[in-house]
Amino acid sequence: MTDVPPLLNVRNLKVHFFTQAGVAPAVDGIDFRVNPRETLGLVGESGSGKTMASLAVLRLVPPPARIVSGSIEFQNRDLLTLDEAALRDLRGKHVAMIFQNPAYSLNPIFTIGDQLTEILRWHEPVSRTAARDRAADLLRLVGIADPLQRLRQFPHELSGGMKQRICIARALLCNPALILADEPTTNLDVTIQAQILDLLAELRDRLRMAMLLVSHDMGVVARMAHRITVVYAGRTCETGDARTIFHTPQHPYTRALLESTPRIDHDYEHATRPTLRTIGGRIPNLATPPTGCRFHPRCAEATEECAQLRPVPFEVAPGHSVSCLKRGSPGVAA
Amino acid sequence: MVGILRYLIRRLLFSMLLVLGVSAIIFFLLNAIGNPVDVLMADNPGITDQALAAVKAYYHLDAPVWQRYLIWLGHVAQLDFGTSISTNLPVGGMLLTFGAETLKLQIPAILLALLMAIAFAAVAAVRQYSRTDFGVMSAALFGHSLPGFLLGVLLILIFAYWLGIFPSYGAYSTRNPLMGSYVIDGAWHMVLPLTMLTVFNTATLTLLLRANLVDVLRQDFIMAARASGLPERRVVFHHALRNAIIPVLTYLGILFGLMLATAPVTESVFTWPGAGALYLSAIQALDYPLIMGETMVVTVMLVGFTLLTDLAYVLIDPRIRLD
Amino acid sequence: MARPPGQFRQGWHRLCRNRSGLLGLSLVAFVVLVALIGPEFAPYTPNDQSAMLSFTAKGAPTWAHLFGTDRNGYDVLTRVIYGAPTALAVGLGAMLVASVIGILVGGIAGYLGGTADELLMRFTEFFLVIPVFIMILAVVRLFSIVVVGTPLERLPFLNLATIIVLLGLFGWPPIARLARAEFLRLKNMDFVEAARCIGAQPRDILFRHILPNALPSLVVVIALGIGGAILSESMISFLGFGDPKAISWGQLLYFNYEVLRVSPWAVLAPGGAIFITVLGFNLLADGLSDAFNPRLKQ
Amino acid sequence: MNALLRVEHLVKRYPVRRRGILGGRAVGQISAVDDVSFSINAGEALALVGESGCGKTTTARAMLHLVPATDGEVWFDDADILPVFRGTNRAAILRVRRGMQYIFQDPYLSLNPRWTIGQTLREPFRVHRHARQAEWPDRVAALLQRVGLEPDHAWRYPHEFSGGQRQRVGVARALAVEPRLLVLDEPVSSLDVSVRAQILNLLVELRVALGLTYLYISHDLASVRFIANRVAVMYLGGIVEVAPVAVLFRHPLHHYSHALLSAVPVPDPDTKPTRVVLSGEPPSPMNMPSGCRFHARCAAALPVCKTTRPPLIDVGDGRLLACHNPR
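If you read the protein sequences in the order shown, they are chains R, S, H and Y.
My numbering puts the first residue of the first sequence at 4, with every later residue one more than the last.
My numbering puts the first residue of the second sequence at 684, with every later residue one more than the last.
My numbering puts the first residue of the third sequence at 61, with every later residue one more than the last.
My numbering puts the first residue of the fourth sequence at 70, with every later residue one more than the last.
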């Protein structure tokens, strides 16, 4: 797998917030790559910078945040050097996005049909009727039984699950090579989440697409991702195969994250007062991030040097890299 | 369709109720202070018996207040507003003539302001927190706080008195129209009052629109439109603006509804022969039929435009529930 | 141990960082200062018409008369200074009346909900479509005729009081609407439910939980309303329906507008005063709304 | 039977109003909670699970009279409490309030932003007067320490705290009246994973240490398995299955319970999902289906399911089930 040139390669991405109070380094060196036809799970809690990183791929980081440095290569082109016209061609056509909250990601005052055909006609020279037919086909593809009727409806007339199906159809309109899915099921009920995840997995395999799945939910990532990148407080902690990450995690944060999640497939002895492993402290304020390794204030293994040096990704096994001084990462003064 | 009709009928009935209620409030307020004849006699010792008789006949002064209200309402319902005491002309006709002069200024001022506000707000909201935004917003806040009549005074001082480009009063030249054309002459007289009205409306609408636009531009569906590769211009003017303008409809409705009600100030600054000036002279002369007539027309306009606003909401915003 | 700042103090700090809010605050403070101590420092007494006798009425600004004199021989600066307390009395008085009615009507509608809410809000809609401004003109005029010969006539500033009360009586609907929305929002907030769950009485919930949390938004609308009321009074006076016994900026405009061409200073000075005051309250309201409702947690 | 709490035939309906010219009139109703009965024994933790709109939160709120129930009874400690809430006997109301407390989902909304933490925690003492005023500061400090905060935190305002810390304050406020039953409404669902574990541990520890009884409301089945002894599954306003946690999670009998459990993604890439994909979405509670509420989406539906609502009956193993054709 590793000799295949990656579809998307993000290196040392930095996105900072420029506010009146000062500069907050929200994303401060995130690396990840997505290979063709592969799903990468980008896992982190709130404030980890995972959403900013995915928006940065489309160069859609909202002010006052700005991409400060790093490189984002997609199909061997550096996206950070593209002009507006090239970006427009990229967005929606080669890289498409699915958002967290389907209730807010459709324009409330236009019909579904108008919203879908508009995008299609902007990217491809097709007639109105051809665009409508293609939109209807796609709705059928995402499992909507009565596409022609749905095209005439407004978003508020549809349920949450239905809206997310439509958002998926919107992302697939131009057959993109890469889908960015930012917590696509977080706001849905479990049974609807299961439907949507199944749909995404099926479409991804059928249409041979790569996917960047941003999520905080280990279960969702386990279900969907081939490889996983774990991020914490704006930096990459660990990257590896899904199996490696779940079975032999190396980074203390990854381990803690897995062990602190209650599991549905585990019997807890209620008579003996079960406890979950916890991560002490709280998620850092990114206006004043910790020095050195950003996880060190909450890390059980941290030593003096963790507060001084910033760990650099280190390959502990082929395809498995960890940023932790205790696992062999070289440190740089930060 | 049935839903819309049902909704319309309900709103229409409520609007009629509003007009009835407000007209009653106005009638009782103006009549409770003192009955017209006493007031007229107190203020005009020299009033002619003929005029007094006309008022007495019009108001059925022997009847109790609520009966007088019903009688008056009956006349108004037949569009009979009575005869002006000061001019002896039918009030309805006077309102039409003078009202037309007012609308000639107000309608273009509102429409022009809306267009300019859209442009300013879009520029400011797209570059939120930039120098442009700060400049536009400062100017708008400034213009919004500048009392209309003060702007009128400044315009007259500068462009009429000092530079002598535009006339300082009236809607037409009394003699020698400009370039021999009454049309050009009329337009020439409109420039200053129109500017005064437009500036204020533009400033207020810009403030409102920009605030809404900033809110809308933060929404996920805007991000989604950008992520789909739509050009920024399309995102702002098609997707964002349409959403942002919906809450402004209410204010637009009020602007249109109050066209006659806000006229007194403009028209006394520019000595403009419109409904506002008419109303002021009616109050001075205690011309009851005229005062009541114009207040009634203003109320009906206000209620009517509120109704139209509701309708516009239904047409533009699919989320409005009709029941 | 230092007590950390509460919501109001936090708002105050944010207001001070907010450029326009700070400017508004300074303007309002300036007007208040002038109203409070200005008359002590005014160069002339407000009723000094001596310029009339020395044939220097409508005189251009000089060192003796910084803002010139007007057509009645008054010193414009003095009259503008004495207009400040009048303006503030109008703004505060009208908004006091409007706030009491508005918070009562809106608060009851929002807290009780249901039929009471429906009826009170429809009642508010009635008031929203009353053409307030032209009504006030007519009422003020009629009232001034009717009181002649009654004991009311001897009350000082009767016309001004009428205007203040009318502006308040017709100015409450926006406050009521906001109060309703705030009460409705807050009464369903979890912390209010928590208080109910603890067993707190409705009185406590209203006055200790809901009202204090609704105040910041209401203060913004009230600040806007003060500016609006001052502007309305000056327009009423400008049209000639003001209180002839009171010294107000609108009156100054009214008396001198006809001689604008000859003595523009007598119009521009009070006009500028109105502008500064209204701008001050608008900016203050703007800054307050930013300070109390920080949208972007930066 | 030593049930601490018994809920019997609880019903909550909301009228659907159509606006008229001046007022409005009811044209229908939404049955948010439709004949719900269950009981919790002292010292037990019962979880009420289901998807959004199934009525689990409304059930809890109606129990505590935070919304007035339309019908039904709630017995706490063998006393019928809804009439007490509706009445005017303040002493009686306060007595019931001291028995059961509520912990809210969103820690950002559940604390008065204008009050210090100390003020918030003193409020229960002010209302109930179960401690002398001189003791309040000590009691507040003890409460804060009980939930893992510092006594100094009493001086701070909610906005200075993280979500997890605020939720601890919410717990402390509930504990202030020394209740026996805590209703926990999704207490961890708005918290991040690493903080969630802290709060879950705290809740388990408190229950054991203080001998509390929990009604734990959640859609997060993994946390339910961690915290609860028994689970009640709700669908469309009604309970479809109640069973001890291990029994239900290993072998759900109701088809909806089964679908719900199999839909939860397991954090292990090697676990292949054995999924019953539930097609479609729950019907609107405005037009409640006849018969079994689940029949339209149920693969095993029989003709009888369309006409007769299955009662909730004991089927052994401590399990109650409402199904004509169980798995």
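Every residue gets a Cβ at the ideal spot worked out from N, C-alpha and C, and that includes glycine.
Within chain Y, the residues that residue i reaches when beta carbons sit closer than 9 Å
| i | result |
| --- | --- |
| residue 150 of chain R | Per Cβ cutoff of 9 Å: no residues; residue 150 of chain R is ~16 Å from chain Y at best. |
| residue 222 of chain R | 291, 333, 334, 335, 336, 337 |
Residue environment, residue i, which counts as buried when at least 16 other CB atoms sit within 10 Å
| i | result |
| --- | --- |
| residue 4 of chain R | Note on residue 4 of chain R: pLDDT 46, under 50, position unreliable in the model; the coordinate value appears next. Exposed is the call here. |
| residue 714 of chain S | buried |
| residue 267 of chain H | exposed |
| residue 142 of chain H | buried |
| residue 135 of chain H | buried |
| residue 341 of chain Y | exposed |
| residue 234 of chain Y | buried |
| residue 118 of chain R | buried |
| residue 278 of chain Y | exposed |
| residue 148 of chain H | buried |
| residue 790 of chain S | exposed |
| residue 64 of chain H | With a pLDDT of 46 at residue 64 of chain H, under the threshold of 50, the predicted position of this residue should be treated as unreliable, and no value is reported. |
Proximal chain R residues relative to residue i, where beta-carbon distance stays under 7 Å
| i | result |
| --- | --- |
| residue 1000 of chain S | 112 |
Within 8 Å, strictly: CB atoms of residue i and residue j
| i | j | result |
| --- | --- | --- |
| residue 311 of chain Y | residue 299 of chain Y | yes |
| residue 191 of chain H | residue 986 of chain S | no |
| residue 1086 of chain S | residue 186 of chain H | In the structure as shown, chain S starts at 684 and stops at 1006, and residue 1086 of chain S therefore has no counterpart that could be examined. |
| residue 226 of chain H | residue 199 of chain H | yes |
| residue 419 of chain H | residue 824 of chain S | Any question about residue 419 of chain H goes unanswered here, given that chain H covers just 61 to 358. |
| residue 168 of chain H | residue 180 of chain H | yes |
| residue 889 of chain S | residue 803 of chain S | yes |
| residue 39 of chain R | residue 213 of chain R | yes |
| residue 316 of chain R | residue 328 of chain R | no |
| residue 313 of chain H | residue 840 of chain S | no |
| residue 241 of chain R | residue 254 of chain R | yes |
| residue 154 of chain R | residue 116 of chain R | yes |
| residue 171 of chain Y | residue 257 of chain H | yes |
| residue 187 of chain Y | residue 223 of chain Y | yes |
| residue 129 of chain Y | residue 254 of chain Y | yes |
Neighbour list for residue i in chain H, Cβ cutoff strictly below 8 Å
| i | result |
| --- | --- |
| residue 982 of chain S | 189, 190, 191 |
Supposed contact pair residue j and residue i - C-beta distance, whole angstroms, cut 8 Å
| i | j | result |
| --- | --- | --- |
| residue 346 of chain Y | residue 198 of chain R | 6 Å |
| residue 333 of chain Y | residue 290 of chain Y | 5 Å |
| residue 88 of chain H | residue 275 of chain H | Rounded, the Cβ-Cβ distance is 18 Å, inconsistent with contact. |
| residue 970 of chain S | residue 767 of chain S | 6 Å |
| residue 306 of chain Y | residue 141 of chain Y | Incorrect: roughly 12 Å between the Cβ atoms, too far for contact. |
| residue 102 of chain Y | residue 85 of chain Y | Wrong, their Cβ atoms sit about 16 Å apart, outside the cutoff. |
Contact set between residue i and chain S, taken where Cβ atoms lie within less than 8 Å
| i | result |
| --- | --- |
| residue 168 of chain R | Ordered by position in chain S, no residue passes the 8 Å Cβ test against residue 168 of chain R, which lies about 15 Å from the chain. |
Beta-carbon neighbours of residue i, restricted to chain H and to distances below 7 Å
| i | result |
| --- | --- |
| residue 944 of chain S | 191, 193, 194 |
Amino acids of chain S, ordered along the chain, whose beta-carbon sits closer than 9 Å to that of residue i
| i | result |
| --- | --- |
| residue 295 of chain H | 830, 831, 832, 947, 948 |
| residue 178 of chain R | Residues of chain S passing the Cβ test: none, with the nearest at roughly 13 Å. |
| residue 324 of chain H | 836, 840, 844 |
Chain B contact residues for residue i, given Cβ-Cβ distances below 7 Å
| i | result |
| --- | --- |
| residue 263 of chain R | Judged by its chain identifiers, the structure shown contains no chain B, and its protein chains are R, S, H and Y. |
Contacts of residue i in chain Y (Cβ-Cβ under 8 Å)
| i | result |
| --- | --- |
| residue 272 of chain H | 183 |
Beta-carbon neighbours of residue i, restricted to chain R and to distances below 9 Å
| i | result |
| --- | --- |
| residue 318 of chain Y | 267, 268, 270 |
Handout entry: Members of the segment 44 to 74 of chain R that neighbour chain Y once the beta carbon cut-off is set at 7 Å
Key = Listed in sequence order: 48, 49.
Practice task
Give, in chain order, every residue of the segment 204 to 237 of chain H whose Cβ lies closer than 9 Å to some Cβ of chain Y.
Solution key: Along the segment 204 to 237 of chain H, there is no position whose C-beta sits under 9 Å from a C-beta of chain Y.
Handout entry: Contact set between the segment 329 to 341 of chain H and chain Y, restricted to residues whose Cβ is under 9 Å from the partner
Key = Those residues of the segment 329 to 341 of chain H that come within reach of chain Y (Cβ to Cβ, closer than 9 Å) do not exist; the list is empty.
Exercise for the section: Identify each residue in the segment 273 to 301 of chain R for which the Cβ-Cβ distance to at least one residue of chain Y is less than 9 Å, and report them in chain order. Expected result: Contacts with chain Y (Cβ-Cβ distance below 9 Å) from the segment 273 to 301 of chain R involve 273, 276, 277, 278, 279, 280, 281, 282, 283, 284, 285, 286, 301, listed in chain order.
Exercise for the section: Residues of the segment 244 to 269 of chain H with a CB closer than 9 Å to any CB of chain Y: list them in chain order, please. Expected result: Only those residues of the segment 244 to 269 of chain H whose C-beta falls short of 9 Å from the nearest C-beta of chain Y are listed: 249, 250, 251, 252, 253, 254, 255, 256, 257, 258, 259, 260, 261, 264, 268, 269.
Problem - Near-chain R residues of the segment 228 to 239 of chain Y (beta-carbon distance less than 8 Å), N- to C-terminal order - result: Listed in sequence order: 231, 233, 234.
Practice task
Give the residues from the segment 291 to 313 of chain Y that approach chain R closer than 7 Å (Cβ to any Cβ), ordered along the chain.
Solution key: Within the segment 291 to 313 of chain Y, the qualifying residues are 291, 292, 294, 295, 298.
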